[in-house]
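Worksheet for the structure shown next.
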DNA sequence: GTGGATGAG
DNA sequence: CATTCTCATCCAC
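In the UniProt record's numbering, the protein residues as written are 1 to 352.
Below is the structure:
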């Protein structure tokens, strides 16, 4: 929509292979959901505009533009995927509170109540700090809109878990603050344990085997029951999360730890074809490596096979170290063959 | 260090 | 359920 503003008012979907991986809010109002099949989406919404999004270059570049923009406010910026960032603004809050011109006004929504007044039961100053937090969020979101043309949601709270959860309560392009009195309310509004970030489908399944499906069940279950299935550390963490407690700090993300390029290799029988496709992935990777400026220490190939019935199997990977002389030669294909030969295996499909 | 599992958007 | 195309972390070996 940034590159083609005419699409703003139209139902828009981003397509990768057979799937609408994401879509704008116009499309969502028409009943399109993320990760739906193209067929279903077109059935519901025949005039949906589809843009191919298999090449993530543009999204990655904008993603880093946004993170770098946020880094002008504080060095404590942690990326989560391509489109979310955590900011620890504690220092900014302290500075603003020392400024006599700072007001008491809350910007945006307050979670769990119409107005803010009953609130001042705290003696620790958290309400004042969170209020300043809403002002900082409003300032940053407004500047982001002005300078990069990006709208977004924000959640203001005292830990990452709660800020993420409360950010999702007013969408799109709005912000919400959580005051401590309403923590329990927010956690219980979630219902399923799966809604807690960090509890994915696998952990949810294991919890279900213990008879735990809702947040309140997780809050009330005896520690020892969890410890039996997950071990002490995980059990402790999950109990805390269920109550809205998250000790994890905002960790500055910095440069990527790895870069990868992949493709689902649809209908690839021919060996020649496979070689070409892997070569293409490698070329893209080398371009990105050059822009990055660093040299890789390791290269890894990842693959998934298709069985007779067209079912995907689990991922398999092979990796090896890349000596720097490989790059001194400046020879593209050398690297992939170095990897393949040094492992003495034939590897097709996916490459990381 | 390697390779699989898991989880995030 | 994954499906797409990434990126990160954890853990057994």
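Note that the Cβ used here is the ideal one computed from N, Cα and C, for glycine as well. Given the structure is predicted, the values throughout are model-derived calculations rather than measurements.
Within 7 Å, strictly: CB atoms of residue i and residue j
| i | j | result |
| --- | --- | --- |
| residue 67 | residue 89 | no |
| residue 49 | residue 17 | no |
| residue 41 | residue 20 | yes |
| residue 187 | residue 215 | yes |
| residue 24 | residue 12 | yes |
| residue 219 | residue 242 | yes |
| residue 301 | residue 318 | yes |
| residue 144 | residue 136 | no |
| residue 193 | residue 204 | yes |
| residue 78 | residue 69 | no |
| residue 169 | residue 111 | yes |
| residue 229 | residue 206 | yes |
| residue 44 | residue 31 | yes |
| residue 76 | residue 252 | yes |
Where the beta strand (DSSP E) containing residue i begins and where it ends
| i | result |
| --- | --- |
| residue 106 | No beta strand (DSSP E) holds residue 106; DSSP gives it neither H nor E. |
| residue 52 | 49-52 |
| residue 85 | 84-87 |
| residue 15 | 12-16 |
| residue 155 | 154-156 |
Outcome for residue i when other beta-carbon atoms lying within 10 angstroms are tallied against a minimum of 16
| i | result |
| --- | --- |
| residue 127 | buried |
| residue 240 | exposed |
| residue 246 | buried |
| residue 250 | buried |
| residue 133 | buried |
| residue 225 | exposed |
| residue 163 | buried |
| residue 315 | exposed |
| residue 148 | exposed |
| residue 295 | exposed |
| residue 208 | exposed |
| residue 165 | buried |
| residue 80 | exposed |
Straight-line Cα distance separating residue j from residue i
| i | j | result |
| --- | --- | --- |
| residue 61 | residue 304 | 28 Å |
| residue 154 | residue 327 | 43 Å |
| residue 217 | residue 179 | 24 Å |
| residue 105 | residue 71 | 25 Å |
| residue 266 | residue 275 | 14 Å |
| residue 108 | residue 15 | 33 Å |
| residue 248 | residue 160 | 7 Å |
| residue 98 | residue 129 | 11 Å |
| residue 260 | residue 298 | 12 Å |
| residue 5 | residue 146 | 15 Å |
| residue 96 | residue 125 | 14 Å |
| residue 347 | residue 271 | Since pLDDT at residue 347 reaches only 39, below the 50 mark, its modelled position is unreliable, and the value read off the structure follows with that caveat. If you take the alpha carbons of residue 347 and residue 271, they lie about 11 Å apart. |
| residue 349 | residue 176 | Low per-residue confidence applies at residue 349: pLDDT is 42, beneath 50, and the placement is therefore not dependable, though the value from the model is reported in the following sentence. Taking the straight line joining both Cα atoms gives about 44 Å. |
| residue 92 | residue 2 | 30 Å |
| residue 8 | residue 46 | 17 Å |
| residue 138 | residue 22 | 26 Å |
| residue 172 | residue 58 | 22 Å |
| residue 311 | residue 264 | 13 Å |
| residue 199 | residue 211 | 15 Å |
| residue 365 | residue 195 | There is no way to answer for residue 365, as the model of the chain reaches only from 1 to 352. |
| residue 283 | residue 277 | 10 Å |
| residue 293 | residue 254 | 14 Å |
| residue 54 | residue 244 | 36 Å |
| residue 232 | residue 140 | 40 Å |
| residue 279 | residue 273 | 10 Å |
Residue range of the alpha helix (DSSP H) that includes residue i
| i | result |
| --- | --- |
| residue 28 | 25-29 |
| residue 60 | 57-70 |
| residue 317 | Premise fails: residue 317 lies in the beta strand (DSSP E), 316-321, not in any alpha helix (DSSP H). |
| residue 294 | That residue, residue 294, is in no alpha helix (DSSP H); it is neither H nor E in DSSP. |
| residue 236 | 232-242 |
| residue 133 | 126-148 |
| residue 217 | 215-220 |
| residue 33 | From DSSP, residue 33 is part of no alpha helix (DSSP H); its letter is neither H nor E. |
| residue 327 | 325-328 |
| residue 207 | 201-209 |
| residue 212 | Unbroken run through residue 212: none, as it is neither H nor E. |
| residue 44 | 38-44 |
| residue 161 | 160-167 |
Residue i CB to nearest heavy atom of the ligand MG below 6 Å
| i | result |
| --- | --- |
| residue 210 | Among the ligands in the structure shown, none appear at all, so the ligand MG cannot be discussed. |
Coarse secondary structure for residue i, derived from DSSP in three states
| i | result |
| --- | --- |
| residue 175 | strand |
| residue 22 | strand |
| residue 190 | coil |
| residue 79 | strand |
| residue 196 | coil |
| residue 303 | strand |
| residue 95 | helix |
| residue 101 | coil |
| residue 110 | strand |
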